[in-house]
Amino acid sequence: MTLLGGGFGRKSKPDYVVEAALLSRAVGAPIKVTWTREDEIHHDYYHTVTAQHLEAALDPRGRAVAWLHRSVFPAIPSTFQSNVRYASDGELSQGVIDVPYAIPNIRCENGEAEPHVRIGWFRSVLNIPHASRSAHSRMSSPTRPGANPKDYLLELLGPSRRVDAGAHYQNYGDDINVYPIDTGRLRRAVGLVAEKAQWGRSLPAGHGLASPSTAAS
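Using this note's numbering, the first residue of the sequence shown is number 284, and each one after it goes up by one.
Written out as structure tokens, the structure reads:
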């Protein structure tokens, strides 16, 4: 496959290329195909819609001791295979089962969802609703009174270590020993983001800084 450039996933579906080639062959000349907005809506691929449910249990000191993440969405393989109602391992490997937090009790669940449109691989795929939005938003808003979001996130990540995400973790097709889930690297990323953003500095009224967890993701 050639480089996808700025297609953000849509270029991996060559249906419009086939259409242009067939039309060019029919007229015997080079042509340019431009879909109408109606064509686009009827024949495009869509980013999957998701429902996320997250819970965290805290001990008396405010430390997270249990984590529950339920994710329900039409899976990408449903576009090509009939009767697909649950997510693939690869989709759940993007922000559900690859939890980097040092929480002793973790449960991840995936519910059944029926697809109603064609689902495609678009920018960040399932990391958008899983890691970048749901999990980081939940854990970057500490329930411990007065807790600093950056420090709280570093506490959740725990000591530098490699995380075992289980047998179903696909690691984007790479060898886990070559590209492990390394919390030490995540901690350094959070620290670097906080440093560059000058985390903790005073800001004018009406201004604020995003949590380092969101920026580092």
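Note that beta-carbon positions come from the ideal geometry of N, C-alpha and C, so glycine has one too.
- Query: To the nearest angstrom, how far is it from the Cα of P394 to the Cα of A488?
  - Reply: The residue labelled residue 394 in the question sits at position 111 within the sequence shown. The residue labelled residue 488 in the question sits at position 205 within the sequence shown. Pro is not the amino acid found at residue 394; the sequence shown has Gly there. Between the C-alpha atoms of G394 and A488 there is a straight-line separation of about 43 angstroms.
- Task: Give the DSSP bridge partners of H336, in chain order.
- Result: Counted from its first residue, the sequence shown places residue 336 at position 53. Answer by DSSP bridge pairing, in chain order: R353.
- Query: So does the region 437-444 actually touch the region 464-481, counting three or more Cβ pairs closer than 8 angstroms?
  - Reply: Flag = yes, the region 437-444 and the region 464-481 touch.
- Message: Considering only their Cβ atoms, is the gap separating D372 from Q453 smaller than 8 angstroms?
- Response: Indexing the sequence shown from 1 puts residue 453 at position 170. Indexing the sequence shown from 1 puts residue 372 at position 89. In this structure, D372 lies closer than 8 angstroms to Q453 by Cβ.
- Kindly indicate which three-state DSSP category R445 falls into: helix, strand or coil? Numbered from its first residue, the sequence shown carries residue 445 at position 162. Here R445 sits in strand by DSSP.
- Task: Would you kindly report the start and end of the unbroken alpha helix (DSSP H) that includes I324?
- Result: As a first step, residue 324 is located in the sequence shown; it is residue number 41 there, counting from the start. That run of the alpha helix (DSSP H) goes R320 to H326.
- Message: I need the straight-line Cα distance from A385 to P463, nearest angstrom please.
- Response: In the sequence shown, residue 385 corresponds to position 102, counting from 1. In the sequence shown, residue 463 corresponds to position 180, counting from 1. Going by C-alpha positions, A385 is about 16 angstroms away from P463.
- Which listed residue (A303, Y369, W404 and G483) has its alpha carbon closest to that of P357: Along the sequence shown, read from residue 1 onward, the residue named residue 357 stands at position 74. It is Y369 whose Cα lies nearest to the Cα of P357.
- Query: Does DSSP classify Y329 as helix, strand or coil?
  - Reply: Mapped onto the sequence shown, residue 329 falls at position 46. Here DSSP, grouped into helix, strand and coil, assigns Y329 to strand.
- Which residue's Cα is closest to the Cα of Y435: A414, R344 and G491? As a first step, residue 435 is located in the sequence shown; it is residue number 152 there, counting from the start. Y435 has its Cα closest to that of R344, out of A414, R344 and G491.
- S500 versus D381 - alpha carbon distance: Stepping through the sequence shown from its first residue, residue 500 is reached at position 217. Stepping through the sequence shown from its first residue, residue 381 is reached at position 98. Legend: pLDDT at S500 = 49, less than 50; position of this residue unreliable, no value from coordinates given.
- Query: Using a Cβ-Cβ cut-off of 8 angstroms (strictly less than) and excluding sequence neighbours within five positions of R401, which residues of its own chain qualify?
  - Reply: Stepping through the sequence shown from its first residue, residue 401 is reached at position 118. Correct list, in chain order: D327, Y328, Y329 and T362.
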